[in-house]
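The next block holds one structure in the form of structure tokens; read it before the comments.
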Amino acid sequence: MTGIILVGHGNFATGLSSAANLIFGELEKFEALDFTIDTTPEILERKIEEKIKEFGNNNGILIFSDIAGGTPFKVSSLASLKYSNVKVFAGTNLPLLLEVLSEREGYKDLDSIMEYLVNLGREEIKFFKVNNKKNQLEETEDGI
Numbered sequence: 546m547t548g549i550i551l552v553g554h555g556n557f558a559t560g561l562s563s564a565a566n567l568i569f570g571e572l573e574k575f576e577a578l579d580f581t582i583d584t585t586p587e588i589l590e591r592k593i594e595e596k597i598k599e600f601g602n603n604n605g606i607l608i609f610s611d612i613a614g615g616t617p618f619k620v621s622s623l624a625s626l627k628y629s630n631v632k633v634f635a636g637t638n639l640p641l642l643l644e645v646l647s648e649r650e651g652y653k654d655l656d657s658i659m660e661y662l663v664n665l666g667r668e669e670i671k672f673f674k675v676n677n678k679k680n681q682l683e684e685t686e687d688g689i
């Protein structure tokens with residue numbers, strides 16, 4: 546099973562983790578690490594490396610970050626340079642995370658998974674728009 550580590554500023558990681566656990570129940574090889582005001586980059590780096598070692602080398606480890614270029618992303622990227630089985634993704638959102646969690650049993654090639662996730666992330670960003678065309682239900686003959 547592919548290990549999943551969430552990292553992000555503030556309570557981003559534990560917030561997403563809370564939603565994922567609500568939907569899927571308690572998850573294995575899944576950890577949320579927040580980068581709060583009390584956390585230094587060194588502390589975050591140590592926590593990430595501890596989780597990488599704990600999860601082992603089975604099908605690799607995916608680290609999901611909030612912002613590309615932010616400290617959680619940079620620290621995760623440095624960890625991926627030390628461990629060949631670790632890949633880092635930025636721009637994480639809940640639909641993308643849910644997809645990964647539901648499909649991670651079968652992941653073998655992490656590079657192709659990352660490409661798939663970039664495309665999925667784009668597809669899942671949507672906005673609500675009211676269609677200006679006729680938005681009323683047509684009445685039937687009996688008025689219902």
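Note that my numbering has the sequence shown beginning at 546, numbered continuously upward.
Ideal Cβ placement from N, Cα and C applies to all residues, glycine included.
DSSP bridge partner residues for residue i (one or two, in chain order)
{"i": "F575", "result": "I549"}
{"i": "I608", "result": "I550, V633"}
{"i": "F580", "result": "H554"}
Residue from the options whose Cα sits closest to the Cα of residue i
{"i": "M546", "options": "L607, E594, F618", "result": "L607"}
{"i": "L643", "options": "G548, L561, V552", "result": "L561"}
{"i": "L572", "options": "E648, K632, T585", "result": "E648"}
{"i": "L589", "options": "E650, N566, A558, S563", "result": "A558"}
{"i": "I612", "options": "F634, L626, R591", "result": "F634"}
Close beta carbons around residue i, own chain, < 7 angstroms, minus the five adjacent residues each side
{"i": "N556", "result": "D579"}
{"i": "N630", "result": "N602, G605, I606"}
{"i": "Y628", "result": "I597"}
{"i": "K574", "result": "M546, G548, I549, F600"}
{"i": "F569", "result": "L646"}
{"i": "G666", "result": "G636, N638, L641"}
Sub-8 angstroms separation of residue i and residue j beta-carbons
{"i": "K598", "j": "I550", "result": "no"}
{"i": "F609", "j": "T581", "result": "no"}
{"i": "G614", "j": "H554", "result": "no"}
{"i": "K674", "j": "L655", "result": "no"}
Cutoff 8 angstroms; reference residue i; Cβ partners in own chain excluding five residues on either side
{"i": "E593", "result": "Per the sequence presented here, residue 593 reads as Ile, with Glu not at that position. Taken in chain order, the residues that qualify are I550, V552, L578, I608, V620, S621, A624."}
{"i": "A565", "result": "L572, F575, L639, L642, L643, L646"}
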